[in-house]
Amino acid sequence: MAVLLDNVTYSYNINDTHRIDAVKGLSLHIEEGTFVALVGHNGSGKSTLAKLLNGLLLPTSGEVKIFGNSTLEPNKIYEIRKNVGMVFQNPDNQMIASIVEDDVAFGPENLGVEREEIIRRVEWALSKVGMLEYRKRTPFKMSGGQKQRLAIAGVLAIKPRILVLDESTAMLDPQGRSEVLKVAHELNKQDGITVIHITHFMEEALGADRLIVMNGGRVAFDGTPREVFKNYEELKAIKLAVPWETQVAISLQKAGVDVGDGIVDQDELVERLCRLL
Amino acid sequence: MPIVIKNLTFTYSAKTPYEKKALDNINLQINEGDFLGIIGHTGSGKSTFIQHINGLIKPQEGEIEIFDLKLTPAKRPKVDLRALRSGVGMVFQYPEYQLFADTVEKDVAFGPKNLGLGADEVAQRVKHAIEMVGLDYEAVKDRAPFELSGGQKRRVAIAGIIAMQPKMLILDEPTAGLDPFGKEQILNLIKYLKTHCSPTIVVISHDIDEITRFANRIVVFNDSHIVYDEPMQQLFKHSEQLQEMGLDIPRAVKVVNALRDKGIDLGDEIVTAEDLLKAIITRYNAVHSTNIDENAGVFDMYDFSQKWLTSEEREALGLISTPQGKTQDDNKARKSNKIFGSKSEKKNRSSKKDAASKSKNKEGEE
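Just so you know, the sequences run in chain order Z and A.
The opening residue of the first sequence carries number -18 in our numbering; numbering runs sequentially from there.
The opening residue of the second sequence carries number 1000 in our numbering; numbering runs sequentially from there.
Okay, here's the thing in structure tokens:
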């Protein structure tokens, strides 16, 4: 089991007397090799959950286990962080070196990896994200999508088995978003890396094996994207949305045009309309 | 009075190996009352362009006429930048990163104070601006901006611009990074500001489906040039060319084009979800001899009238509250929960429980 959360609660102190449970009694397991999309409105607890996975935050109660190791055991934390690579929202905050390959080498250098092995890993990681030709360039003049792919390469060089993308596509233009998403799916399919992709874009969840919806620190829905998007009224009630095409189909249905349900993307919508019109 | 931009050209790092022409002979007229959308991929020159409009960048070549002011490359006469910037409010990307004061009130007051207004006038404008963005003045004024949620912070930052009462508002990627609900709130806010604050609005966005929801006119930047300047309904005749430039076209246009490829022509000028629903219903009626009202298709991500929204949420979504009309007691009563969400949080929890149990039931049925 790649990820196991057992009745996990995490509370923040907001002042001397008040505490907020960002994550509440959450139990969850994720099999190795799964592509998981995680959605929820701001403040639903999804970023807290991400930070609990690699021990950046420790549970107030309950336990988080990564490949059987609990984040509460201080002597396991390095191994856990090696296994759980995280990429955050802002591409500009994640670059530390002035040359691409130095940036990617930073992780393995800090783990004390041999020089020859570092070179191999840097090449492998950069080629995985399609950035090998940029190895001698500076990251600061790159597009947002390139910077985020570079950030992913920096994480890959540590050879994680789990990749957590914490709203890594939020600040990118449509092209950058699709670049990053493509890389994440390739790493999942070709290298069997477990991906946990946190996003506000519902259509980005469509390619995932599993969609987990967070609300109020708990899991509100958990299933394939297709199953979850059937609950569109409930999703809107917790400040989320369904893909645009699903919304169109629902609006038609309500108006009396019977397109049927379960439509999640453009091809399906067009196909149903063809039959009707 | 329209804003007239003539032959504007701008080059970064001129006469160095890094020389890059960002704007090449740009001509544009922005009319009073325009709701203008600007699109173009990263690096096409659109940001450089808008920075010219409020004098952050001085023209290298060409000129801009705006509110009796003339911006030119000449050193003299000096342009009254204060007048310019109080007339053109600029909301940058992620404006909440620019919040700096220790209370919301002080932060919003920074702009008007620097316009040299008197204390009373500043205080009044601050209150008005905070209420206009849909926040409860009494409840937020003494809070640190950093304690607010992402969407609320962004609205405070916008209030700081509105407090200068600009005649024209420019917003760069106003909804980037927000969740669907936060996006919806900001979009509603922009529409509200158009009628109640700044009659001319310019929005830059990568999300074309967002722009088509309010723009009456769209300007397309590509490779330092303006390649299209069209009424919103007309622009997507050029879908193919736009896609070649790497730009997104509205989802409704994609659906219409895909249907056309299969021999079903829904007609032209279908851009928004509402247009699409209407066209489909009309066609459906014709094919099936039915009589469905062609306006029956309502595309609302969040329906205000639905009972699952709390009254606070409905108000926040609509941003149609008129704070002036409320009594002090009303404000006091809501103060405790509107901003910190203690009550609505609880309601949410229970509604989520409902949702969760519903989903369980469904699973059971299956």
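Beta carbons are placed, not taken as given, at the ideal position from N, Cα and C, and that holds for glycine.
- Apart from sequence neighbours up to five positions away, the residues of its chain that approach P141 (chain Z) with a beta-carbon distance below 8 Å are K63, N64, V65, G66, I174, ordered along the chain.
- In the three-state scheme derived from DSSP, where H, G and I count as helix and E and B as strand, N23 (chain Z) is classed as coil.
- Here the C-alpha atom of E252 (chain Z) lies approximately 25 Å from the C-alpha atom of P155 (chain Z).
- The straight-line gap separating the alpha-carbon atoms of D1206 (chain A) and I77 (chain Z) is approximately 30 Å.
- Contact of A3 (chain Z) with chain A is not assigned, every C-beta pair being separated by 8 Å or more.
- In summary, the residues of the segment 20 to 31 of chain Z whose CB is separated from some CB of chain A by less than 7 Å are H22, N23, G24, in the order they occur in the chain.
- By the CB criterion at 8 Å, E160 (chain Z) and R118 (chain Z) fall outside the cutoff.
- Excluding sequence positions up to five before and after R1081 (chain A), its CB lies within less than 7 Å of the CB of L1114, all in the same chain and listed in chain order.
- Nearest to A151 (chain Z) by alpha-carbon distance, out of A:K1166, A:Q1232, A:P1165, A:T1174, is A:T1174.
- In this model, R96 (chain Z) and I80 (chain Z) are separated by some 17 Å (Cα to Cα).
- Less than 8 Å separates the beta-carbon of A18 (chain Z) from that of L192 (chain Z).
- If you draw a straight line from the Cα of V1218 (chain A) to the Cα of P1230 (chain A), it comes to about 9 Å.
- Proximity of the segment 244 to 258 of chain Z to the segment 1006 to 1018 of chain A falls short of the contact definition, fewer than three beta-carbon pairs being nearer than 8 Å.
- By the 16-neighbour rule on beta-carbons within 10 angstroms, P1058 (chain A) is buried.
- Taking 8 Å as the threshold, the shortest C-beta distance from K117 (chain Z) to chain A does not fall below it.
- The Cβ-Cβ distance between D1178 (chain A) and H181 (chain Z) falls below 8 Å.
- Put simply, the CB of S124 (chain Z) is near chain A, with a gap under 8 Å to one of its CB atoms.
- Ranking A:E1018, A:L1098, A:G1296, A:M1163 by CA distance to the CA of K1152 (chain A) puts A:L1098 first.
- A residue is called buried once 16 or more other Cβ atoms fall within 10 Å of its Cβ, and C1196 (chain A) is buried on that count.
- Listed as beta-bridge partners of G1088 (chain A) by DSSP are A:L1168.
- Restricted to the segment 1243 to 1298 of chain A, the alpha helix (DSSP H) segments that are unbroken, complete and at least 4 residues in length are 1250 to 1260, 1272 to 1287, listed in chain order.
- Contacts with chain A (Cβ-Cβ distance below 7 Å) from the segment 135 to 160 of chain Z involve A151, M152, D154, P155, Q156, listed in chain order.
- Boundaries for E12 (chain Z): no beta strand (DSSP E) harbours it, and the DSSP string shows neither H nor E there.
- Rounded to whole angstroms, the gap between the alpha carbons of I231 (chain Z) and K220 (chain Z) is 17 Å.
- Using a 10 angstroms sphere on the CB of I1189 (chain A), the tally of other CB atoms reaches 16 or more, which defines it as buried.
- Rounded to the nearest whole angstrom, the CA to CA distance from G1110 (chain A) to A1162 (chain A) is 7 Å.
- For E1062 (chain A), DSSP records a beta bridge to A:K1005.
- Comparing C-alpha distances from H1224 (chain A) to each of A:G1262, A:E1243, A:G1036, A:N1006 shows the shortest one belongs to A:N1006.
- When DSSP reads this structure, D1222 (chain A) sits in no beta bridge, so it has no partner.
- Under the 8 Å criterion on CB atoms, S232 (chain Z) is classed as interfacial with respect to chain A.
- Interface residue (Cβ-Cβ distance to chain A less than 8 Å): W225 (chain Z) is classified as such.
- Here P40 (chain Z) carries a coil assignment [DSSP, helix/strand/coil].
- Sixteen is the threshold: when 16 or more other Cβ atoms of the shown chains lie within 10 Å of the Cβ of T29 (chain Z), as they do, the residue is buried.
- Here the C-alpha atom of I1002 (chain A) lies approximately 58 Å from the C-alpha atom of V(-16) (chain Z).
- Interface criterion met: the Cβ of G237 (chain Z) is under 8 Å from a Cβ in chain A.
- Pairing L1276 (chain A) with V1254 (chain A) gives a Cβ-Cβ distance that is not under 8 Å.
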